[in-house]
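Colleague: Residue numbers (the working numbering), protein chains in the order written: chain A, 298 to 624; chain B, 3 to 333. This structure is in structure tokens; I'll ask about it shortly.
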């Protein structure tokens with residue numbers, strides 16, 4: 298039991314993140330000070346939130362490339378709502394953001410479920426559509442810091458026990474979805490549908506409906522992150538979080554989520570996100586140009602997926618895999 | 003959703019269709035009708051549309067992307083995908099920019115551009131075929147890696163100062179309004195059409211996409227064919243990099259940002275099954291024209307680029323959703 302825990306992918310990944318921090322600490326001890334680690338965690342929170350949703354979608358053999366566009370559109374809508382009605386209480390703002398995100402996730406889900414369009418095609422399409430709608434609603438204008446109300450901007454930065462609300466939101470999501478994935482029938486359904494859709498169908502699960510719920514969850518988390526992102530950076534414009542969907546997929550892949558479906562945990566996705574977050578925050582500390590970040594995360598994805606493939610191949614799940622490879 | 007539907011993605015009809023019926027109701031015909039409709043709508047919407055030079059300018063919207071789309075079509079038919087194509091353009095363009103700084107002439111520049119493309123394609127190919135990794139993840143990784151290398155080299159700088167005879171590839175005209183890029187596009191379309199639809203290699207690509215295990219047991223060297231397809235996609239990206247760099251006359255690391263999604267859209271719009279196994283090159287050619295015409299027509303009406311992307315996105319989902327909705331209603 299203990300051995301299994303120690304050799305599990307999450308443990309290895311945790312070790313990798315810890316080793317990375319230790320390596321940085323040898324030159325810059327300030328990086329691993331508790332305050333700074335909290336700051337890194339807080340900074341990585343949006344990525345963690347989205348990675349959890351993406352992990353569930355990938356579990357069901359789908360992919361959601363529209364998360365960043367969903368985030369940006371939800372964020373822009375609540376920012377404009379705030380400008381128009383500065384007195385709206387924050388819970389209403391959050392409800393609107395989550396509601397909009399959920400609707401967009403449901404739209405993806407319906408197309409995948411009822412029309413059986415491949416998820417990559419659906420979300421590639423909605424990615425451009427959602428981005429375009431931001432331009433239509435905002436007329437290409439920015440919503441700047443001074444236009445937002447003080448309460449709107451203060452919410453994600455308010456500190457509770459030393460950690461901003463943004464970070465607490467990520468912790469809440471980790472706990473909630475950790476429980477959903479391991480302790481509920483819905484969570485088991487996601488694994489079953491991705492692991493073997495045919496067997497899942499015979500068990501009485503509706504594959505399409507599970508995928509629909511996966512997209513809905515991913516959309517809801519993207520909507521929530523949309524508000525947090527816009528209020529934290531105190532700016533909203535058409536291109537916010539552009540290309541962020543690939544970081545999210547990268548976090549999942551590094552976290553050991555199998556793109557073929559059925560394999561992955563909330564913990565893995567979170568650690569994958571933290572791995573990228575540590576790198577991003579460490580680069581300026583160790584005096585490497587931020588321009589290196591893209592290449593480093595690219596290399597990390599390739600190495601992670603190669604290691605993952607090695608780990609799963611030993612089980613011999615696909616008999617012909619060795620025959621397919623050239624001599 | 004029935005089980006057979008989920009397994010193969012297609013239903014088995016109880017009566018085979020006649021060849022003529024097949025041709026009339028094909029994806030390509032539907033797409034051609036869409037293309038003609040857009041062309042007619044455009045010529046009514048703007049008085050500037052029906053002008054030889056304007057139409058010639060419009061072709062630049064899609065020629066470079068379409069070159070890559072043909073190679074990508076073969077790759078997708080074989081059940082793989084390459085999302086790193088735009089990043090390969092960035093890296094190849096950066097390599098050419100560095101070569102210019104070192105004093106290289108036009109022939110060397112082209113060799114550098116194409117060579118970088120082939121090397122990147124080979125890198126993807128090795129990871130996918132030798133290590134057996136899923137191509138969508140590998141190429142998301144190399145997409146960051148290749149463009150990341152451009153950012154490391156260039157940062158917020160730009161390369162320029164390309165030799166004047168180099169500009170022919172992106173700005174030259176072969177005859178009257180027929181640009182060099184358009185001729186190249188047509189030539190590549192014909193070559194890929196012949197390779198896919200008339201050669202053993204093309205049959206092998208379809209066979210791999212429909213059933214890789216079956217293809218392997220019928221003596222097709224699956225890994226090798228896939229490796230060649232990745233090489234070709236890299237080569238086409240290198241070629242597109244030569245044309246685009248020549249046309250823009252400068253290199254920034256953000257060059258061709260987001261093109262991978264537009265190229266995949268073009269391929270899927272062209273009727274290539276994203277799950278592999280079916281699709282034709284003429285379909286991709288028509289899809290290239292549809293996307294080019296939509297972009298150009300809306301541009302003439304002063305519609306901003308981002309709104310055009312809504313149309314492209316809706317087109318992508320719509321052309322796939324409508325036939326399925328239609329089939330559901332008749333069932």
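In this text, a Cβ means the ideal position worked out from N, Cα and C, and glycines have one as well. Bear in mind the structure is a predicted one, so any value in this text is a computation, not a measurement.
1. Between which two residues does the beta strand (DSSP E) containing residue 177/B stretch?
2. Identify which residue in 112/B, 210/B, 285/B and 141/B has its Cα closest to the Cα of residue 240/B.
3. Helix, strand or coil for residue 102/B, going by three-state DSSP, please let me know.
4. Taking the alpha-carbon positions, what's the residue 624/A to residue 350/A distance?
5. Applying the criterion that 16 or more other CB atoms from any shown protein chain within 10 Å of the CB defines a buried residue, is residue 330/B buried or exposed?
6. Would you grab the beta carbon distance between residue 397/A and residue 309/B for me? Rounded to a whole angstrom, and I think it's under 8 Å.
7. Closest to residue 445/A by C-alpha separation, out of 504/A, 373/A, 407/A and 514/A, would be which residue?
8. 8 Å is my cut-off, CB to CB: does residue 100/B come that close to chain A?
9. In whole angstroms, give me the CA-to-CA distance for residue 511/A and residue 223/B.
10. Contact between the segment 319-327 of chain A and the segment 445-458 of chain A is defined here as three or more beta-carbon pairs at a separation below 8 Å; is this criterion met?
11. By the criterion of Cβ-Cβ separation under 8 Å, what are the contact partners of residue 423/A in chain B?
12. Are the C-beta atoms of residue 157/B and some chain A residue less than 8 Å apart?
13. Taking all protein chains shown into account, decide if residue 544/A is buried (16 or more other Cβ within 10 angstroms of its Cβ) or exposed.
14. Whole angstroms are fine: how far does the CA of residue 559/A sit from the CA of residue 614/A?
15. Need the endpoints of the alpha helix (DSSP H) that residue 466/A sits in, please.
16. Going straight from the alpha carbon of residue 405/A to that of residue 108/B, what length do you get?
17. For the segment 491-556 of chain A, list the alpha helix (DSSP H) runs that are entirely contained and at least 4 residues long, ordered along the chain.
18. Look at the alpha carbon of residue 572/A and the alpha carbon of residue 176/B, and state the distance between them as a whole number of angstroms.
19. Going straight from the alpha carbon of residue 546/A to that of residue 179/B, what length do you get?
20. Just to make sure I have the definition right: I need the residues of chain B whose C-beta is within less than 9 Å of the C-beta of residue 325/A. Which are they?
21. Closest to residue 120/B by CA distance: which of 59/B, 70/B, 159/B and 104/B is it?
22. According to DSSP, simplified to helix, strand and coil, what is residue 161/B?
23. Return the CA-CA distance between residue 221/B and residue 207/B, expressed in angstroms with no decimal places.
24. According to the Cβ coordinates, are residue 422/A and residue 315/B closer than 8 Å?
25. Hey, out of 565/A, 533/A, 604/A and 338/A, whose CA is closest to residue 440/A's CA?
26. The alpha helix (DSSP H) with residue 80/B in it runs from where to where?
27. Rounded to a whole number of angstroms, what is the C-alpha to C-alpha distance between residue 148/B and residue 90/B?
28. According to the Cβ coordinates, are residue 632/A and residue 181/B closer than 8 Å?
29. Which residues bound the alpha helix (DSSP H) around residue 245/B?
30. Taking the C-alpha atoms as reference points, what is the distance between residue 528/A and residue 131/B?
31. Compute the beta-carbon to beta-carbon distance between residue 548/A and residue 569/A, rounded to the nearest angstrom, for a pair I have assumed lies under 8 Å.
32. Compute the distance between the beta-carbons of residue 267/B and residue 318/B, then report whether it is under 8 Å.
33. If distances are taken between C-alpha atoms only, which option among 340/A, 371/A, 317/A and 330/A comes closest to residue 390/A?
34. Taking three-plus beta-carbon pairs below 8 Å as touching, is the segment 399-413 of chain A in contact with the segment 318-328 of chain B?
35. What is the rounded straight-line gap between the Cα of residue 77/B and the Cα of residue 85/B?
36. Going by the CB atoms, is the gap between residue 246/B and residue 60/B shorter than 8 Å?
Modeller: According to the structure data:
1. That run of the beta strand (DSSP E) goes 175-177.
2. The alpha carbon of residue 240/B has as its nearest neighbour, out of 112/B, 210/B, 285/B and 141/B, the alpha carbon of 112/B.
3. helix
4. Residue placement at residue 624/A cannot be trusted, given a pLDDT of 40 that sits under 50; the coordinates are not used to answer.
5. exposed
6. 20 Å between Cβ atoms; not a contact.
7. For the residues 504/A, 373/A, 407/A and 514/A, the minimum Cα distance to residue 445/A belongs to 373/A.
8. no
9. 38 Å
10. no
11. 315 and 319
12. Using a Cβ-Cβ cut-off of 8 Å, residue 157/B counts as an interface residue toward chain A, since at least one Cβ of chain A sits closer than that to its own.
13. buried
14. For residue 614/A, the predicted structure reports a pLDDT of 46, less than 50, and the residue's modelled location is therefore unreliable. The matter cannot be settled from this model.
15. 462-480
16. 47 Å
17. 494-499, 504-530 and 541-551
18. 52 Å
19. Computed Cα separation, rounded: 44 Å.
20. None at all; the shortest Cβ gap to chain B is about 22 Å.
21. 70/B
22. strand
23. 13 Å
24. yes
25. Cα-wise, what sits closest to residue 440/A is 533/A.
26. No alpha helix (DSSP H) holds residue 80/B; DSSP gives it neither H nor E.
27. 6 Å
28. As displayed, chain A neither begins before 298 nor continues past 624, which places residue 632/A out of reach and without an answer.
29. 224-250
30. If I take the Cα positions, the gap works out to 45 Å.
31. 4 Å
32. yes
33. When each option's Cα is compared against that of residue 390/A, the closest is 371/A.
34. yes
35. 11 Å
36. Here residue 60/B is not near residue 246/B, since their CB atoms are 8 Å or more apart.
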